[in-house]
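Okay, so here's the structure we're looking at.
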Amino acid sequence: MQRRQLLKSTAAFSAASVLGAPAIAQASKKITFLTWNLVHLEAPLKGWIAGFIKSRPGVEVEWVDKKGPELPAYYQTQLAANTPPDVIDIQGALGLEYAAQGALLDLTPRLGAEAAVKARYEPAYLSNWVFEDKSYMVPYYVSKTLLFWNKTRFKEAGLDKPPASFDEILAAADKIKGAEKTGLLTLNFDWLYWPLMQMNGVDLLSPDLKKATFNTPKAAEVITKLAEATKSGAVNPISWTGRWVEPNDAFATGNVGMLHAHAPAFFWIKGKGPWINGDTLGAAQMPGNWATPNSHGLGISKGSKNPDLAWDFVKYLTDVEVATAFAKIASVLTGSKEVDKTQLARFQKDDPLAFQVLSTQLEHTDKMCGNWRLGNDSRVKDGFWPEFQSAMLGRKDAKTALGDAERRVSRELRRA
Amino acid sequence: MSWFRRKRTREAALVVCFLLPSLAIFFLYRILPLGWNAWLSVHAWSPLKAAQFIGLEHYEEMLLDDDVFWQALANTLIFIACSPLAIAAALGIALLVNSDLRGAAVYRTIVFLSYPLMTVAVGIIWRWLYDERGGFINYVLRSSRLIDQPVKFLQSFDWALPCVILADFWQVLGFYMIILLTGLQSIPQHLYEAARVDGVPASARFLRITLPLLRPSIFLCIVVGILNSFTSFDLIYVMTNGGPGHATELLITYIYKAGFGQTRFDYAAALTVVQFLLLVVLTVIANRLSGGNAGSLER
Amino acid sequence: MPRPSRRPPGSPPHWPRHAIMIVVSFLMLIPFYWVVKTSLTGENIYAYPPRIVPVDPHLFNYVDVWYMIPFARYLLNSVIVTAMAIAGSLLFNVAAGYALTKHFPGRRWVVMLLLSCMLIPFQATIIPAYLITSWLGVLDTWLGVALPLLSTIICIFVFKASFEAVPPSLIDAARVDGLSEWRIVTRILLPLSKSAIATNVILTFIWSWNAFLWPLIAIRTPEMQTLPLGLARFLSVMEDTTGALYAFVVLVLIPGLAIFLMAQKEFIRGLTSGATKG
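Protein chains in written order, with the working numbering: chain A, 1 to 416; chain B, 1001 to 1299; chain C, 2001 to 2278.
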């Protein structure tokens, strides 16, 4: 009676499991390409993949795209199951973390063997993903922070050029602030705000990355000044509470004097702010030419079953033809010297303002900060940022915040 | 005698057969993972390195050195403590729509409408309601002159958690109502009629008949309320991501961040074990308060 | 002849209840209205003050979202997965619920075990769940996505409570008549547990239909994606872009709400039939 029922249900479920045939076929050579939020480029990407396969019979490329917040969950699960995607596109320091975990293939020998390929890449950007003297990723598309300044707001405040020092930034912000207006906005994720500290000589860590060195009177002074400016409205509080949409939208309204963000912000605000043109917006380096990079790199998983094919694919994606098309469609710089030169020349002709913005991305690449080669970057960040944010929003005074942050960061460093 | 034994074994076989499929699912998707977490919590492990036994180090760190854990714990407890309010409100609504009120079905549907929604969508909806520019709440407050400047609810260290709790309240109210309605419907009407004939006043009817017979449903609601601190993961993820600072960090979001954000699955496993034990304790307390044995009505 | 009132003589008037419920309904519906209004309005939604009624309503946001995704395929996937989950869960939960009404040694422990299973959140089980599903060979299949939801403890307890409310005399009479246990369940208990069945169906439907994190991990090929995944995929590159986000939210909600509204007639019938139980 009940046994019959059980048999019936077992049969039903065996039948049901046949209904959904697993879709991962076994091709002779197959690689998986994981991208970070590039779903809007589906058509061109599929085109480039088709181009790659055309000259390689029997090869299959599976393309998986995940949005930023979901990508780590997906990747870690695949790692645990021993089926990691072969080629991955990762943003910023997360690539270093995966490298430190042992998830990525060391690309140094391959880059060493193919000097021409290595020479493609802008060295400063390539070195972003060097961990313990080994190269783990190559640049896919790159950017770093710059200072956008609203010329109209500046003129109103009696200023005609961008600030050249930290104090000048604060002074300008103070002059510009008013009823609905604020002086300075900065992005804050992934250490993007760090140039504000670096230009004052504040170092997060010692050169060997073993000690926290930011708990200094100078740092406390800087933090206090920024917190006071936030309170008075000179610095827009969204700097410390927003992520991407809010700060950029706020600047796009035209009521903010300066925006400290990386180049992709330009295309966003241009879309939202009809007032933006060469006369109303300026692009400059931050004082001291300090900038935090925020780039995407391509890496190969160590567990890849077809590493040579994966490397082929990486080279294909970053060679002149595909990379130029990519740069054009996505309006980015790729960190490949030749491609970027062409891209810049094109902008110089078609869009002088964009040219101004993008030129900053390749200048002063020796002054990049906020990009420590940490294998536990997100943990260090989690130790520092909440305290910094509390100080900025007036919840803690600078000294306490720095002390607490030092304690937490040191603990992370000890554990590493 | 042998007839009796056969009946007992038949009954035992029945119970096993009937329970087996469900238990299999739970074994695979709950118990095994819990075991994995427990094992992992006393090791140091990352997806590519071999595990190393380290005893209670993670727990030490959590309890002695991790202020985020304590804040997440406090927030979780606050979250759970607010559920009795929602349950009481749901009970009130359930009583109102249980009667032969005309249009009761419409009211029931309206109240329940918020539950079938994807929690991510609910988070997006409420984030927009709280927005200081186009949001409804600020609009109402400013139009009625209660405040001058818009309030940034979700960025306020003080208001963020209550705001998230309110959004969750909106979504789960209908669920509580359904459970309580199902319970109310299974109370035999003749009990009420007998009481009415005996001249028992409405309040006493409620306290002596309704509440006791609702024990299983209320217990279920309490457990759901406890579990709510899980399902609110999507809400928090979308609305505040635990911020500002860690003002809306719950244990569940911290577990996820520790695992997939900081790639510390071993530490996340320890957090999971601690959260599990905490919830077991809370459930046991809830069980006691509703009369024991999962609130079921002994015959 | 005035229409006879539906309430027993001497009981309190209905209108205060209506008043309260109308206020409650209004509060519950505001969030929906606000989002729909935002998705339709032509104003700048970030300008203060927002208007209560949509200004220059247009459907462009919806057109945008609709054209970006293979809606039909994702809908099909969601329907199949949810149907499997509902069918399987009814079978499993009814069986388990009935088993728990029996008094057997160790019942207390089984109940506690089940309750404790509820206390294990999905986020903590992602990696093991993935590995187990992979070992079972059902990754990236409809069954694999439905599997974790084939039994839920809440529904088991709902059935248990419902079965326990049936007068034992009925069950004893059926047993005397020689009915097998399963027949007792289907012939006697289930017909009297319509509300429990409806609860199980609706809850499983909701959990399965809205599931996001599990399908995200368990599905690889884009064609197998369920509706929440498929729509989230096309949520524009960097979070919200004015009304399009809210059009997306509305489109995500419509299938779930529509199916719920269609099914809830049964649901309500199940509930009201209980009211006539003597």
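Every residue, glycine too, gets a C-beta built ideally from N, C-alpha and C.
### Phe-148 of chain A - containing beta strand (DSSP E), residue span
For the purposes of this step, residue 148 of chain A is identified with residue 148 of the first sequence, where counting begins at 1. Element bounds for Phe-148 of chain A: 145-150.
* Asked: Going along the chain, which residues of the segment 2187-2199 of chain C sit with their C-beta nearer than 8 Å to a C-beta in chain A?
  -> Listed by position along the chain: nothing, the set is empty.
Problem - Spatial distance of Ile-2259 of chain C from Ile-2202 of chain C (CA atoms) - result: Counting from one through the third sequence, the residue named residue 2259 of chain C turns up at place 259. Counting from one through the third sequence, the residue named residue 2202 of chain C turns up at place 202. When rounded, the distance between both Cα atoms is 10 Å.
**Request:** Let me know if Asp-190 of chain A comes out buried or exposed under the rule of 16 or more other beta-carbons within 10 Å of its beta-carbon.
**Result:** One-based indexing of the first sequence puts residue 190 of chain A at position 190. Buried, since its Cβ has 16 or more Cβ neighbours within 10 Å.
**Study point:** Cross-strand partners of Gly-1035 of chain B (DSSP beta bridge)
**Key:** Stepping through the second sequence from its first residue, residue 1035 of chain B is reached at position 35. Gly-1035 of chain B is not bridged to any residue.
Review point. Taking 8 Å as the CB-CB limit, is Gln-2225 of chain C close to chain E?
Key: Absent from the structure is chain E; the protein chains it does hold are A, B and C.
Listing by chain order, which chain A residues have their CB less than 8 Å from the CB of Phe-1260 of chain B? Taking the second sequence and counting its residues from 1, the one referred to as residue 1260 of chain B is at position 260. Under the 8 Å cutoff, chain A gives Pro-72, Ala-73, Gln-76.
Subject >> Cβ neighbours of Ala-2124 of chain C in the same chain (closer than 7 Å, five flanking residues each side left out) >> reply: On the third sequence, residue 2124 of chain C is found 124 positions in, with the first residue counted as 1. Counting only Cβ-Cβ distances below 7 Å, and skipping sequence neighbours, we find nothing.
Does DSSP put Phe-2026 of chain C in a helix, in a strand, or in coil?
Here the question's residue 2026 of chain C lines up with position 26 in the third sequence. Three-state result, Phe-2026 of chain C: helix.
Q.
Please confirm whether Val-64 of chain A has its beta-carbon closer than 8 Å to some beta-carbon of chain C.
A. Your numbering for residue 64 of chain A matches position 64 in the first sequence. Closer than 8 Å to some Cβ of chain C, the Cβ of Val-64 of chain A qualifies, so yes.
**Request:** Give the DSSP-derived three-state secondary structure of Ser-1114 of chain B in the structure shown.
**Result:** Numbered from 1 along the second sequence, position 114 holds the residue referred to as residue 1114 of chain B. In the structure shown, the three-state DSSP call for Ser-1114 of chain B is coil.
Is it buried or exposed, Gln-1382 of chain B, if we count other Cβ atoms within 10 angstroms and call 16 or more buried?
Look at the range of chain B in this structure, 1001 to 1299, and you will see that residue 1382 of chain B is not part of it.
- In terms of residue numbering, what span does the beta strand (DSSP E) encompassing Gly-282 of chain A cover? Along the first sequence, one-based indexing puts residue 282 of chain A at 282. Unbroken beta strand (DSSP E) run through Gly-282 of chain A: 281-284.
Ranges of the alpha helix (DSSP H) found wholly within the segment 1199-1239 of chain B, counting only runs of at least 4:
Inside the segment 1199-1239 of chain B, DSSP marks whole alpha helix (DSSP H) runs of 4 or more residues at positions 1202-1205, 1215-1231, 1233-1239, from first to last along the chain.
Do we get a CB-CB distance below 8 Å when we pair Arg-2108 of chain C with the residues of chain A?
-> Within the third sequence, the letter at position 108 stands for residue 2108 of chain C. No, Arg-2108 of chain C lies away from the interface with chain A (no Cβ there is under 8 Å from its Cβ).
Worksheet entry | Cross-strand partners of Ile-88 of chain A (DSSP beta bridge) | Taking the first sequence and counting its residues from 1, one reaches residue 88 of chain A at position 88. In the DSSP output, where bridge partners are listed per residue, Ile-88 of chain A has A:Leu-34, A:Gly-299.
Leaving aside the five residues before and after Met-2021 of chain C along the sequence, list all residues of the same chain whose C-beta is less than 6 Å from its C-beta, in chain order.
Numbered from 1 along the third sequence, position 21 holds the residue referred to as residue 2021 of chain C. Closer than 6 Å at Cβ, skipping near neighbours: no residue.
Quick one: does Thr-241 of chain A have its CB under 8 Å from some CB of chain B?
-> Counting from one through the first sequence, the residue named residue 241 of chain A turns up at place 241. It does: the Cβ of Thr-241 of chain A has a partner Cβ on chain B nearer than 8 Å.
Quiz item: Who are the Cβ neighbours of Gln-1185 of chain B in its own chain at under 8 Å, not counting the five residues just before and after it?
Solution: Counted from its first residue, the second sequence places residue 1185 of chain B at position 185. Cβ neighbours of Gln-1185 of chain B beyond the five flanking positions: Asn-1098.
Below 8 Å on the Cβ atoms is my contact criterion, and I expect Ala-229 of chain A with Ile-31 of chain A to pass it. Report the Cβ-Cβ distance as a whole number of Å. On the first sequence, position 229 is the one that residue 229 of chain A refers to. On the first sequence, position 31 is the one that residue 31 of chain A refers to. With a Cβ gap of about 50 Å, Ala-229 of chain A and Ile-31 of chain A do not count as contacting.
Do we get a CB-CB distance below 8 Å when we pair Gly-102 of chain A with the residues of chain B?
-> Within the first sequence, the letter at position 102 stands for residue 102 of chain A. At least one chain B Cβ lies under 8 Å of Gly-102 of chain A.
Item to complete: Measuring only between beta-carbons, confirm whether Gly-1134 of chain B sits less than 8 Å from chain C.
Response: If you number the second sequence from 1, residue 1134 of chain B lands on position 134. With 8 Å as the cut-off, Gly-1134 of chain B counts as an interface residue toward chain C.
Exposure label - Arg-1108 of chain B; buried when at least 16 CB within 10 Å = Position 108 of the second sequence, counting from 1, holds the residue named residue 1108 of chain B. Arg-1108 of chain B comes out buried.
Among the candidates A:Met-258, A:Asp-397, A:Val-320, whose CA atom is the shortest distance from the CA of Ala-116 of chain A?
Taking the first sequence and counting its residues from 1, the one referred to as residue 116 of chain A is at position 116. Answer by Cα proximity: A:Val-320.
**Request:** Could you name the residues of chain A that Leu-2216 of chain C contacts, counting a contact when the two beta carbons are closer than 9 Å?
**Result:** Walking along the third sequence from the start, residue 2216 of chain C turns up at place 216. Per Cβ cutoff of 9 Å: Lys-66, Glu-70, Ala-73, Tyr-74.
**Request:** State buried or exposed for Gly-1199 of chain B, treating a residue as buried only when at least 16 other CB atoms are found within 10 Å of its CB.
**Result:** For the purposes of this step, residue 1199 of chain B is taken as residue 199 along the second sequence, with counting starting at 1. With fewer than 16 Cβ atoms within 10 Å of its Cβ, Gly-1199 of chain B is classed as exposed.
Kindly indicate if chain B contains any beta-carbon less than 8 Å away from that of Ser-2025 of chain C. Within the third sequence, residue 2025 of chain C is the residue found at index 25, counting from 1. Chain B, which has a Cβ nearer than 8 Å to the Cβ of Ser-2025 of chain C, makes this yes.
Problem - Buried versus exposed, by CB contacts within 10 Å (16 or more), Lys-177 of chain A - result: The residue given as residue 177 of chain A occupies position 177 in the first sequence. Buried is the call here.
Q. Where does Ala-25 of chain A land, buried or exposed, given buried means 16+ other C-beta within 10 angstroms?
A. Counting from one through the first sequence, the residue named residue 25 of chain A turns up at place 25. Residue placement at Ala-25 of chain A is flagged as unreliable, the pLDDT there being 44, under the threshold of 50; the coordinate-derived value follows with that caveat. By the neighbour-count rule (16 or more Cβ atoms within 10 Å), Ala-25 of chain A is not buried but exposed.
* Asked: Since Thr-253 of chain A contacts Cys-369 of chain A with CB under 8 Å, what's their CB separation in whole angstroms?
  -> Along the first sequence, read from residue 1 onward, the residue named residue 253 of chain A stands at position 253. Along the first sequence, read from residue 1 onward, the residue named residue 369 of chain A stands at position 369. Contact between Thr-253 of chain A and Cys-369 of chain A is ruled out by a C-beta separation of about 29 Å, above the 8 Å threshold.
ask   = Would the beta-carbon of Met-368 of chain A be found less than 7 Å away from any heavy atom of the ligand ADP?
value = With respect to small molecules bound, the structure shown includes none, and the ligand ADP cannot be examined in it.
Next item on the list: Could you check how far apart the C-beta atoms of Arg-373 of chain A and Phe-131 of chain A are, in whole angstroms? I think they sit under 8 Å.
Entry: Position 373 of the first sequence holds residue 373 of chain A. Position 131 of the first sequence holds residue 131 of chain A. Between Phe-131 of chain A and Arg-373 of chain A the Cβ distance is about 5 Å, and since that is below 8 Å, they are a contact.
- Query: Using Cβ-Cβ distances below 7 Å, what residues of the segment 164-183 of chain A are close to chain B?
  - Reply: Among the residues of the segment 164-183 of chain A, none has a Cβ less than 7 Å away from any Cβ of chain B.
Exercise for review: Output, in sequence order along the chain, the residues in the segment 2117-2134 of chain C whose CB is closer than 9 Å to any CB in chain B.
Suggested key: Cys-2117, Met-2118, Leu-2119, Ile-2120, Pro-2121, Phe-2122, Gln-2123, Ala-2124, Thr-2125, Ile-2126, Ile-2127, Pro-2128, Ala-2129, Leu-2131, Ile-2132, Thr-2133
Let me know if Val-322 of chain A comes out buried or exposed under the rule of 16 or more other beta-carbons within 10 Å of its beta-carbon.
Within the first sequence, numbered from 1, the residue matching residue 322 of chain A stands at position 322. By the neighbour-count rule (16 or more Cβ atoms within 10 Å), Val-322 of chain A is buried.
Query raised in the report: Relative to chain A, which residues along the segment 1241-1267 of chain B have a C-beta separation below 7 Å, given in chain order?
Result: Pro-1244, Gly-1245, His-1246, Phe-1260, Gly-1261, Gln-1262, Thr-1263
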